[in-house]
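Asks: Numbering (the working numbering), first residue to last: 115 to 383.
Can you keep this structure in mind? I'll have questions shortly.
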Amino acid sequence: MPLVALLADDGLIGRSARFCLAQDGLAVLEAETPEDLLGVSGRTRPTLAVAMISLLPDPVATSRDLFPSGIPLLLLSGQPLDPHAETSYLRAGADDVVVAPFHPSVFQSRVEALLRRATRWQVTRRLEFDRLVVDLDDRIAWVGGRALDLTRTEFDLLAALMSRPLHIQTRRELAEQIGLRTEDASVAPHLSRLRRKVTEAGGPHIGQAIRGIGLRLTSTYRAPSVTAGFSAPMTTAPMATTQDPTAAPPEPSTGPDPATGSRSGPEFG
115 MPLVALLADD GLIGRSARFC LAQDGLAVLE AETPEDLLGV SGRTRPTLAV
165 AMISLLPDPV ATSRDLFPSG IPLLLLSGQP LDPHAETSYL RAGADDVVVA
215 PFHPSVFQSR VEALLRRATR WQVTRRLEFD RLVVDLDDRI AWVGGRALDL
265 TRTEFDLLAA LMSRPLHIQT RRELAEQIGL RTEDASVAPH LSRLRRKVTE
315 AGGPHIGQAI RGIGLRLTST YRAPSVTAGF SAPMTTAPMA TTQDPTAAPP
365 EPSTGPDPAT GSRSGPEFG
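Take a look at the structure:
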């Protein structure tokens with residue numbers, strides 16, 4: 115059964131959230147501090163974290179701290195949020211923000227969507243690309259079995275890039291995710307040291323810069339594996355060729371050529 119870590123008071127919002135979670139048959143772990151959202155009193159790791167913004171001393175920091183753990187975070191607000199505040203929470207790592215008053219069915223649908231995502235995420239807790247492996251639970255990265263000596267910021271930067279490998283992220287977004295100042299230049303020295311450590315260990319060149327936009331993991335990507343030690347390459351569609359629109363279409367192959375033993379017809383590599 116999914117476990118939900120809940121940081122909420124006994125007011126209307128907290129009572130509504132508990133009622134909705136109970137209606138869905140979910141087990142609730144009552145959190146007393148933001149740190150408890152990672153695992154209340156040393157008990158089982160939660161599947162989802164739900165927290166009232168008013169009980170978080172620094173909602174951005176909480177969102178950022180939970181992001182590398184892979185535990186989805188749903189924030190509850192008792193009052194309307196200005197776009198800047200809501201955007202800062204989401205960019206820092208929060209997965210959703212619900213503003214009260216909310217209809218129970220809407221809240222339950224948001225929770226169900228995050229739980230589905232969490233289930234898929236837990237299958238891929240180890241990300242792989244080329245010879246580079248990142249274990250998000252134990253916060254260890256390897257290149258070909260050789261552990262990398264990364265700082266917390268370097269590991270978080272690597273996890274952020276590998277978790278969304280084809281997505282171009284701005285330097286500002288990356289800075290917010292890993293707890294740096296939001297100036298674009300603040301990511302550069304950390305990325306430079308991270309690249310050097312990975313390449314010196316025999317790993318790929320990471321952090322492809324897209325001029326005027328941001329960064330992504332690399333220009334050549336293989337999907338993260340769900341089983342340690344295996345990475346499935348992305349397939350590339352065959353290149354289209356120009357044909358005479360009046361020409362008759364080629365006849366499909368019906369079997370091996372009797373002279374050569376090989377099959378005739380177009381080939382797709």
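Note that CB positions come from ideal geometry on N, CA and C, so glycine has one too.
1. Quick check on residue 232: does DSSP put it in helix, strand or coil?
2. To which residues does DSSP link residue 240 through a beta bridge?
3. Quick one: Cα of residue 118 to Cα of residue 192, how far?
4. Please confirm whether residue 262 and residue 320 have their CB atoms less than 9 Å apart.
5. Cβ atoms of residue 260 and residue 184: under 9 Å apart, would you say?
6. So the candidates are 174, 152, 242 and 309; which of them puts its Cα closest to the Cα of residue 470?
7. Evaluate the contact criterion for the segment 217-229 versus the segment 240-259: three or more CB pairs, one atom per stretch, below 8 Å.
8. What separation, rounded to the nearest whole angstrom, lies between the Cα atoms of residue 168 and residue 245?
9. Would you decide whether residue 207 is buried or exposed? Buried here means 16 or more other CB atoms lie within 10 Å of its CB.
10. Which residues in the same chain have their Cβ closer than 7 Å to the Cβ of residue 123, if we skip the five residues on either side of it in sequence?
11. Measure the alpha-carbon distance for residue 164 versus residue 330 and round it to whole angstroms.
12. Counting only the same chain and skipping the five closest in sequence on each side, list residues whose C-beta sits under 6 Å from that of residue 342.
Replies: Let me lay it out:
1. helix
2. 249
3. 20 Å
4. no
5. no
6. In this structure the chain extends from 115 to 383, so residue 470 is not present and cannot be described.
7. no
8. 43 Å
9. buried
10. 166 and 169
11. 30 Å
12. At residue 342 the pLDDT is 39, less than 50, meaning the model places this residue with poor confidence and gives no usable figure here.
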